[in-house]
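Undergrad:
Protein chains: 2
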Amino acid sequence: MTSDLRRQLILGAAKRCFARHGYAGTTTKSVAAAAAISEALLFKHFPSKAALFADILTEECEADPGLADLREREPSTATLVELTRRMVQHFVQIASIPNEEEAQRLRLMVTSHLDDGEFAQLIYAKIKTLFAPLFIASLERAIAVGDAARIGSDPLNLFWFAHHTVLTMAMTRLPAIPCLSYGNTNNLERELCEFLLRGLGLHDAAIASHLDQESSADAGEKVIAEGA
Amino acid sequence: MTSDLRRQLILGAAKRCFARHGYAGTTTKSVAAAAAISEALLFKHFPSKAALFADILTEECEADPGLADLREREPSTATLVELTRRMVQHFVQIASIPNEEEAQRLRLMVTSHLDDGEFAQLIYAKIKTLFAPLFIASLERAIAVGDAARIGSDPLNLFWFAHHTVLTMAMTRLPAIPCLSYGNTNNLERELCEFLLRGLGLHDAAIASHLDQESSADAGEKVIAEGA
DNA sequence: TAGTTGTGAGTAAGCACTCACCCACGCAGA
DNA sequence: TCTGCGTGGGTGAGTGCTTACTCACAACTA
């Protein structure tokens, strides 16, 4: 077993533990057990529990949130709808298909808000640089072509409001017994998209036409992350 | 010092500790210190750390979320707008004015989502019985009088979507250094209200007229809780 | 033989929780 | 009025166990 591979195995096991039980609730013993090694070996690879946790957060920060295909699109109403749809899809999927990796990211993200918020701040900054420009340009474009109403709000705030809605939705579905039941998952996705796009100022006609035409266009594509 | 008063003092101190550091991160020693008593006395009042935590959650569950005045209103567009406005106001205030008590509730609520979600489930159930009926009736009424579009979504889901948006917004402002900056607080309140009401299907004219007329009507009223 | 991967058996500190005991107060009996 | 004593709020100094972390040493490979 090479040192690098072992390190990755430990990081994976630790991520699962920290995401599930939080920093204080996780013991180095349990991480070692999850990685099927001795505690002593764990401390050969990481100088301390805190350093191990910090490394996990750093790795999560640097992870590619994907959606590269989307980022190369031209700003348009269709792009705005697709951005929203993919974000909603991503967060809905965290709970509905067994997406352990993404559930962990969400847990770490939420935990950070209860702590100093540093990790969350970094993730938000990353999402912002990757997606906000295209989102805002698309919204502007939608307004220009008459698909959306011009409203007084800061478009960046609107971007975050949409993100907030789906984040909490996903959060309510983290426990084994979800805190809320929204009914059918397909409906949920659609209802969320419509709610958010209406909130952004899109006209009902534009929403309906774009959601209908795109609803199954690239359903099989991989949606990796909006940052949590 | 009577036993009952001491018990309340311990509960208050413990609530602060648990909200700030989570269950695993809180030590009985630190709770005792926060309550300015010995650990031994703490265990005279509560049989275990777990029981103390359970009592805190029970107490928080039973707390009156207030807004009784609102619950007695007639269903109408105005009521819908006011419900939304007060909810938004409540969550904005958690961060903007030093509202330690409500910040603690939010922390406990969020923590529960990362755990088994039981506490969150109870709070959601309480919010639902208290506010959802009036919310839904008001939305129906708004549609009937032409203030809102009839949309396919389950109105209860819409209710939760609105709640989700402001919950995460408040969450981002829990850390000493907020994870996100939304600019001016007054604008934030207004932007959130408009975003949510548009999302519910209200027409811009109805939103504008109702938000403008009510914007400072009862600004001084106490907004206690939407449950988190 | 030298270096790397790996571990069992520790260590000191910290944890939830307990116990013997202090002290102030109320009150019955001499 | 004093004395003795029960009662309830309160604590210092523990208990055994768990924690993060260490170290001497084994096993394997180059």
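Same order as they appear, the protein sequences are chains Y and S.
So that you can map any letter, position 53 of the first sequence is 53 in the working numbering, and since no number is skipped, the others follow by simple counting.
In the working numbering, each residue carries its 1-based index in the second sequence increased by 228.
Here a beta-carbon is modelled for each residue, glycine too, at the ideal position from N, C-alpha and C.
Report all residues from its chain with a CB closer than 8 Å to the CB of A14 of chain Y; omit the five preceding and five following residues, and keep chain order.
TA: In the first sequence, counting from the first residue as 1, residue 14 of chain Y sits at position 14. Excluding positions up to five away in sequence, the list reads T26, V31, A34, A35, L52, F53, I56.
Undergrad: If you draw a straight line from the C-alpha of S437 of chain S to the C-alpha of C17 of chain Y, how long is it?
TA: In the second sequence, counting from the first residue as 1, residue 437 of chain S sits at position 209. In the first sequence, counting from the first residue as 1, residue 17 of chain Y sits at position 17. Cα to Cα, the separation comes out at about 51 Å.
Undergrad: In chain order, what residues of the same chain lie with their CB nearer than 7 Å to the CB of K277 of chain S, ignoring the 5 residues before and after it?
TA: Translated into positions along the second sequence, residue 277 of chain S becomes position 49. Answer for K277 of chain S: T256, listed in chain order.
Undergrad: Can you pull the DSSP bridge partners for L430 of chain S?
TA: For the purposes of this step, residue 430 of chain S is identified with residue 202 of the second sequence, where counting begins at 1. For L430 of chain S, which the question treats as bridged, DSSP gives the partners S:A376.
Undergrad: In terms of residues, what are the limits of the alpha helix (DSSP H) holding D382 of chain S?
TA: Indexing the second sequence from 1 puts residue 382 of chain S at position 154. No alpha helix (DSSP H) holds D382 of chain S; DSSP gives it neither H nor E.
Undergrad: What first and last residue would you give for the alpha helix (DSSP H) that runs through Y23 of chain Y?
TA: Working through the first sequence from its first residue, we reach residue 23 of chain Y at position 23. Unbroken alpha helix (DSSP H) run through Y23 of chain Y: 3-25.
Undergrad: Tell me which residues share the same chain as E100 of chain Y and place their Cβ nearer than 8 Å to its Cβ, disregarding the 5 neighbours each side in the sequence.
TA: For the purposes of this step, residue 100 of chain Y is taken as the residue at position 100 of the first sequence. Excluding residues within five positions, the ones whose Cβ falls inside 8 Å are R16.
Undergrad: What does the alpha-carbon distance come out to for the pair A331 of chain S and L9 of chain Y?
TA: Counting from 1 along the second sequence, the entry for residue 331 of chain S is found at position 103. Counting from 1 along the first sequence, the entry for residue 9 of chain Y is found at position 9. Taking the straight line from one Cα to the other gives about 37 Å.
Undergrad: Give the residues from the stretch 96-113 of chain Y that approach chain S closer than 7 Å (Cβ to any Cβ), ordered along the chain.
TA: Those would be R107, V110, T111, H113, in chain order.
Undergrad: Give me the chain Y residues within the contact set of G253 of chain S, using Cβ-Cβ distance strictly less than 7 Å, ordered along the chain.
TA: Counting from one through the second sequence, the residue named residue 253 of chain S turns up at place 25. Residues of chain Y passing the Cβ test: A24.
Undergrad: What would DSSP say about Q351 of chain S, mapped onto helix, strand or coil?
TA: Taking the second sequence and counting its residues from 1, one reaches residue 351 of chain S at position 123. First, the residue type needs correcting, since residue 351 of chain S is Ile and not Gln in the sequence shown. Residue state, collapsed to three classes: helix.
Undergrad: Counting only C-beta atoms, is S231 of chain S closer than 8 Å to chain Y at any point?
TA: By one-based count along the second sequence, residue 231 of chain S stands at place 3. So no, S231 of chain S is outside the interface.
Undergrad: Count the other CB atoms within 10 Å of the CB of E72 of chain Y; is the residue buried (16 or more) or exposed (fewer)?
TA: Along the first sequence, read from residue 1 onward, the residue named residue 72 of chain Y stands at position 72. So E72 of chain Y counts as exposed.
Undergrad: Count the CB pairs spanning the stretch 402-415 of chain S and the stretch 148-160 of chain Y that are closer than 8 Å, and state whether there are at least three.
TA: Yes, they touch.
Undergrad: For my contact list, L196 of chain Y and T396 of chain S are in at a C-beta cut-off of 8 Å; report their separation, rounded to the angstrom.
TA: As a first step, residue 196 of chain Y must be located in the first sequence, where it is residue number 196. As a first step, residue 396 of chain S must be located in the second sequence, where it is residue number 168. 13 Å between Cβ atoms; not a contact.
Undergrad: Does any residue of chain Y have a CB that is nearer than 8 Å to the CB of E368 of chain S?
TA: Taking the first residue of the second sequence as 1, we reach residue 368 of chain S at position 140. E368 of chain S does not count as touching chain Y.
Undergrad: I believe L298 of chain S touches E310 of chain S by the beta-carbon criterion, under 8 Å. Please report the beta-carbon distance rounded to the nearest angstrom.
TA: Numbered from 1 along the second sequence, position 70 holds the residue referred to as residue 298 of chain S. Numbered from 1 along the second sequence, position 82 holds the residue referred to as residue 310 of chain S. Yes, they are in contact, since the Cβ atoms of L298 of chain S and E310 of chain S sit about 6 Å apart, within 8 Å.
Undergrad: Mapping DSSP to helix, strand and coil, what is Q441 of chain S?
TA: Here residue 441 of chain S refers to the residue found at position 213 of the second sequence. Three-state DSSP puts Q441 of chain S in a helix.
Undergrad: Round the Cβ separation of L139 of chain Y and L200 of chain Y to the nearest angstrom and send it over; I've been treating them as touching at under 8 Å.
TA: Within the first sequence, residue 139 of chain Y is the residue found at index 139, counting from 1. Within the first sequence, residue 200 of chain Y is the residue found at index 200, counting from 1. About 6 Å separates the two Cβ atoms, so the contact holds.
Undergrad: Under 8 Å between C-beta atoms, does N186 of chain Y make it to chain S?
TA: Within the first sequence, numbered from 1, the residue matching residue 186 of chain Y stands at position 186. Closer than 8 Å: no.
Undergrad: E422 of chain S CB to nearest chain Y CB: under 8 Å?
TA: Reading the second sequence from its first residue, position 194 is the one you call residue 422 of chain S. True, the Cβ-Cβ gap to chain Y drops below 8 Å.
Undergrad: Closest to L308 of chain S by C-alpha separation, out of S:A376, S:E419, S:D344, S:G250, would be which residue?
TA: Taking the first residue of the second sequence as position 1, residue 308 of chain S is located at position 80. Answer by Cα proximity: S:A376.
Undergrad: Check the Cβ-Cβ distances between D375 of chain S and every residue of chain Y, and say whether any is below 8 Å.
TA: Residue numbering aside, residue 375 of chain S sits at position 147 when the second sequence is read from its first letter. No, its Cβ sits nowhere closer than 8 Å to a Cβ of chain Y.
Undergrad: With distances taken Cα to Cα, identify the nearest neighbour of T58 of chain Y among Y:V92, Y:F119, Y:T2.
TA: Counting from one through the first sequence, the residue named residue 58 of chain Y turns up at place 58. When only C-alpha atoms are compared, the closest one is Y:F119.
Undergrad: Can you list, in chain order, the residues of its chain whose CB lies under 6 Å from that of R141 of chain Y, leaving out five sequence neighbours each side?
TA: Taking the first residue of the first sequence as 1, we reach residue 141 of chain Y at position 141. Excluding positions up to five away in sequence, the list reads P75, S76.
Undergrad: Where do the ends of the alpha helix (DSSP H) carrying E102 of chain Y lie?
TA: The residue given as residue 102 of chain Y occupies position 102 in the first sequence. Taken as a continuous stretch (DSSP letters only), the alpha helix (DSSP H) holding E102 of chain Y covers 100-114.
Undergrad: Going along chain Y, which residues have a C-beta under 7 Å from C289 of chain S?
TA: As a working note, residue 289 of chain S is residue 61 in the second sequence. In chain order: nothing, as chain Y lies at least about 14 Å away.
Undergrad: Following the continuous alpha helix (DSSP H) through L67 of chain Y, name the residue where it begins and the one where it ends.
TA: In the first sequence, the residue the question calls residue 67 of chain Y occupies position 67. That residue, L67 of chain Y, is in no alpha helix (DSSP H); it is neither H nor E in DSSP.
Undergrad: Under 8 Å, do D417 of chain S and S153 of chain Y count as touching if we go by C-beta distance?
TA: Within the second sequence, numbered from 1, the residue matching residue 417 of chain S stands at position 189. Within the first sequence, numbered from 1, the residue matching residue 153 of chain Y stands at position 153. Per the sequence shown, residue 417 of chain S should be read as Glu rather than Asp. Not a contact, by the Cβ cut-off of 8 Å.
Undergrad: Measure the beta-carbon distance from A144 of chain Y to A252 of chain S and round it to whole angstroms, keeping in mind my assumption that it falls under 8 Å.
TA: By one-based count along the first sequence, residue 144 of chain Y stands at place 144. By one-based count along the second sequence, residue 252 of chain S stands at place 24. A144 of chain Y to A252 of chain S, Cβ: 52 Å. No contact.
Undergrad: Chain S partners of S209 of chain Y, CB-CB under 8 Å?
TA: Within the first sequence, numbered from 1, the residue matching residue 209 of chain Y stands at position 209. Correct list: empty, because the minimum Cβ distance to chain S is about 15 Å.
Undergrad: Determine whether the beta carbon atoms of L336 of chain S and R107 of chain Y lie at a separation below 8 Å.
TA: On the second sequence, residue 336 of chain S is found 108 positions in, with the first residue counted as 1. On the first sequence, residue 107 of chain Y is found 107 positions in, with the first residue counted as 1. No. Outside cutoff.
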